[in-house]
Structure formats: C-alpha cells, structure tokens
Amino acid sequence: MGKERALVLGGGGPVGIAWEAGLAAGLKEGGVDVARADFILGTSAGSFVGAQLAGGRDPASLAQAQIEMGRAQAAAPKDPNAKRPPAPDLTPLMRLMAEAPQDGPPPPEFLQRMGAFALEAKTIDEEAFLATFGSLGTGGARAWPERFACTAVDAHSGAFQVWTEKQNVPLAKGVASSCCVPGIYPPVAINDRRWIDGGMRSSTSADLAAGYKRVIVVAVTTGNAQDARVALLHKRLDGERAAIHAAGGKSELITPDEGALAVFGVNLMNASKRAEITEAGIAQGRREAERLRAFWN
1033 MGKERALVLG GGGPVGIAWE AGLAAGLKEG GVDVARADFI LGTSAGSFVG
1083 AQLAGGRDPA SLAQAQIEMG RAQAAAPKDP NAKRPPAPDL TPLMRLMAEA
1133 PQDGPPPPEF LQRMGAFALE AKTIDEEAFL ATFGSLGTGG ARAWPERFAC
1183 TAVDAHSGAF QVWTEKQNVP LAKGVASSCC VPGIYPPVAI NDRRWIDGGM
1233 RSSTSADLAA GYKRVIVVAV TTGNAQDARV ALLHKRLDGE RAAIHAAGGK
1283 SELITPDEGA LAVFGVNLMN ASKRAEITEA GIAQGRREAE RLRAFWN
C-alpha cells in the first residue's frame, strides 16, 4: 500500500454520516474521488462512512442510501397519539467534555472518566446497537478493508485504540465501538474489554495520517468560529495537521459550509433532515472539488 494520499473523516453523529456521504459523492462528481485514498481513517460517524468507502462502495450509492432513508422517514405516517422519542440529549456529555484540557489530546485519566460515565449510563442494549450496523456485517462476514482504520477508547483504562485489519476484529464491531457516543449508546465489548467513541480522544485524530504526502481532513463543525467549542476544535485540528506537515506532507481541510450549516441544526444526533443534509453535502462536494482537484489528483 502506497503512502501518497490519505482521507481523514471526523465524527459528527447521524448528521455527520449524511453530510460526509453527500460530500464524498459531490467530490467524486467534481473529479475528486476520495475513496481512492491509500489510507482512510474514520472516527465515530467518519468510521461508518470510511469503512464503506474503503470497502469499495461507490460514494453516489452511499449518498443515495442516506437520501432514501431520510425521505422514507419523512414520509412515514405519523400517529398523532404516538410518543416519539426526542433527539438524544447531549448536555451531560457536553458538560463533561468542557472539562477536557485545551492543549493536545486528553490524558487517559480524563478518558477514564468518560468511560465511567458511558458504563453507568442507561442506553439501548449493545445487541440492539450493533444491529444498526447490519450493512457492515454484524457477524464479521465482510472482511476488514486493508486500507481502513478507525479509532476507539478503552472505557476502563482510557487507552486510545486504532483498529485495523491486524487486530482481526469484526468490521461492524470495530466501527460500532468508534461510534458509541458516551451516554447515548452502550460501550461495545471487544476482546474482553469495553470500548467507547474514538471521538473522545479527538473528533478527527488527523495526526495518525502523518507520513502521507497529501491528506484531506473532513471535520464536522457547527456554529461559527467565535463559538468556544468550534475554536477549540480548530485549535486541535491545527495541531494535528502540523504533525502531517512536520512529516513532509500537505493537508487540506473541509468543514461544513453555510449551506450545510443551515440544515444541520445544533444537535448532531438529530437526523430528522437526513435527506436535506446529504444533498447539502453533495452540493458542497461539487464546489470543494474545484479547489481540491489539483491537490488530490
């Protein structure tokens, strides 16, 4: 496997999945096929999208599936007497994440607190959560793509983990462990340990792409640059991209544009506008391809 091009796909809940799927499709339409990267690293939402791109799924097919899912959900008959569950409440998690150190990745001690929070939270059971990754083969039927990796955190020790084909972990379980947001989804059991969302270490972990010559980093952000959370994310991104540059590589960053942000909403776990978000991603991808074509190709 060469070390020319790498794609880093960050976390962002169901909203991030829809936008990243659309973005990849729009980029390919514009002549930038990010699925051809020599290395695809996914964190949380990015791990779901990245696994499918690395496994050979066409970006247009992935985006269309998101659009159809969104349209089907919107068209489903609504029972006025039915109690629909609200979008997951991220407030407790956000309070805890606000205590993370401002410089560099959080230490294991902080990630242990995250893990304890996740282990104590009341969520759907693990079997039901894993069933939502059926398209990846919950029994490990689909092989782990050689050029794909995703991130997770040990809920007990706080140790950071990068899953690759070398660990011989079922693809669906590895991706699920990268996606299990503390307090919303259950920690996933792998090799007698419990694992939580890799985004607790970093929403992108783009520094893991150091050594590749050209890296496209996709980060899901909401709000404006004056927002403290967004400013912190960009500060961490700057540090991670610096590691790529220090190793002799170049990087380009993609974050949601105004069109995407207009349909995102503030809660990345709320995918009620999944179709519109995917379409916004496609539109942005077409525009981004103009500036990235020479860089990528």
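To get the numbering used here, take the position in the sequence shown, counting from 1, and add 1032.
All residues carry an ideal CB built from backbone N, CA and C; glycine is no exception.
Quiz prompt | Reference V1247; option with closest CA among G1215, A1221, R1261 and G1280 | solution = Taking the sequence shown and counting its residues from 1, the one referred to as residue 1247 is at position 215. Nearest of G1215, A1221, R1261 and G1280 to V1247, Cα basis: G1280.
Quiz item: If you draw a straight line from the alpha carbon of R1225 to that of R1319, how long is it in whole angstroms?
Solution: Counting from 1 along the sequence shown, the entry for residue 1225 is found at position 193. Counting from 1 along the sequence shown, the entry for residue 1319 is found at position 287. Going by C-alpha positions, R1225 is about 43 Å away from R1319.
Quiz item: Identify the residues that DSSP records as bridge partners of W1195: which are they?
Solution: The residue labelled residue 1195 in the question sits at position 163 within the sequence shown. Looking at the DSSP assignment, W1195 forms a beta bridge with C1182.
Quiz item: Who are R1226's beta bridge partners in DSSP?
Solution: Within the sequence shown, the letter at position 194 stands for residue 1226. Looking at the DSSP assignment, R1226 forms a beta bridge with A1221.
Practice problem: Please report how far the alpha carbon of P1140 lies from the alpha carbon of F1192, in whole angstroms. | Solution: In the sequence shown, residue 1140 corresponds to position 108, counting from 1. In the sequence shown, residue 1192 corresponds to position 160, counting from 1. Distance between the alpha carbons of P1140 and F1192: 8 Å.
Quiz item: Sorted by chain position, which residues of the same chain lie with C-beta nearer than 8 Å to V1295's C-beta, five sequence neighbours on each side aside?
Solution: Against the sequence shown, residue 1295 aligns to sequence position 263. Counting only Cβ-Cβ distances below 8 Å, and skipping sequence neighbours, we find K1305, E1308, I1309 and A1312.
Quiz prompt | Straight-line gap, I1401 to A1153 (C-alpha atoms, nearest Å) | solution = Nothing can be reported for residue 1401, as the shown portion of the chain is limited to 1033 through 1329.
Quiz item: Exposed or buried, which one is V1220 when buried takes at least 16 other CB atoms within 10 Å?
Solution: Position 188 of the sequence shown, counting from 1, holds the residue named residue 1220. Its Cβ being crowded by 16 or more others within 10 Å, V1220 is buried.
Exercise. Please report how far the alpha carbon of A1092 lies from the alpha carbon of A1130, in whole angstroms.
Key: Counting from 1 along the sequence shown, the entry for residue 1092 is found at position 60. Counting from 1 along the sequence shown, the entry for residue 1130 is found at position 98. Going by the C-alpha atoms only, they are around 37 Å apart.
Practice problem: From the DSSP output, in three-state form, read off I1099 for me. | Solution: Indexing the sequence shown from 1 puts residue 1099 at position 67. In this structure, I1099 counts as helix in the three-state DSSP scheme.
Practice problem: Return the CA-CA distance between G1082 and G1054, expressed in angstroms with no decimal places. | Solution: Along the sequence shown, one-based indexing puts residue 1082 at 50. Along the sequence shown, one-based indexing puts residue 1054 at 22. Rounded to whole angstroms, G1082 to G1054 spans 13 Å at the Cα level.
Quiz item: Rounded to whole angstroms, how far is the Cβ of G1230 from the Cβ of V1185, which I believe are closer than 8 Å?
Solution: As a first step, residue 1230 is located in the sequence shown; it is residue number 198 there, counting from the start. As a first step, residue 1185 is located in the sequence shown; it is residue number 153 there, counting from the start. Yes, G1230 and V1185 are in contact; Cβ-Cβ is about 6 Å, under 8 Å.
Quiz item: Going by other Cβ atoms of all chains shown within 10 Å of its Cβ, with 16 needed for buried, is I982 buried or exposed?
Solution: A query on residue 982 cannot be resolved here, the shown segment of the chain reaching from 1033 to 1329 and no further.
Self-check item: Between the CA atoms of Y1244 and I1276 - distance to the nearest angstrom
Solution: Counting from 1 along the sequence shown, the entry for residue 1276 is found at position 244. Counting from 1 along the sequence shown, the entry for residue 1244 is found at position 212. Taking the straight line from one Cα to the other gives about 7 Å.
Quiz item: What is the C-beta distance between L1125 and G1215, in whole angstroms, given that I count them as a contact (C-beta under 8 Å)?
Solution: Start at 1 with the first residue of the sequence shown, and residue 1125 comes out as number 93. Start at 1 with the first residue of the sequence shown, and residue 1215 comes out as number 183. Indeed, because the Cβ distance is near 5 Å, the residues count as touching under 8 Å.
Practice problem: Measure the Cβ-Cβ separation of R1323 and G1063 and say whether it is below 8 Å. | Solution: In the sequence shown, residue 1323 corresponds to position 291, counting from 1. In the sequence shown, residue 1063 corresponds to position 31, counting from 1. For R1323 and G1063, no; Cβs fall outside 8 Å.
Quiz item: Between which two residues does the beta strand (DSSP E) containing A1303 stretch?
Solution: Working through the sequence shown from its first residue, we reach residue 1303 at position 271. Neither: A1303 is in no beta strand (DSSP E) and is coded neither H nor E.
Exercise. Taking only the alpha-carbon atoms, compute the straight-line gap between A1069 and E1052 and give it to the nearest angstrom.
Key: Along the sequence shown, read from residue 1 onward, the residue named residue 1069 stands at position 37. Along the sequence shown, read from residue 1 onward, the residue named residue 1052 stands at position 20. Their Cα atoms are separated by approximately 15 Å.
Quiz prompt | Inter-residue spacing [alpha-carbon to alpha-carbon] between A1104 and G1058 | solution = By 1-based counting over the sequence shown, the position of residue 1104 is 72. By 1-based counting over the sequence shown, the position of residue 1058 is 26. Each residue's Cα considered, the two are about 22 Å apart.
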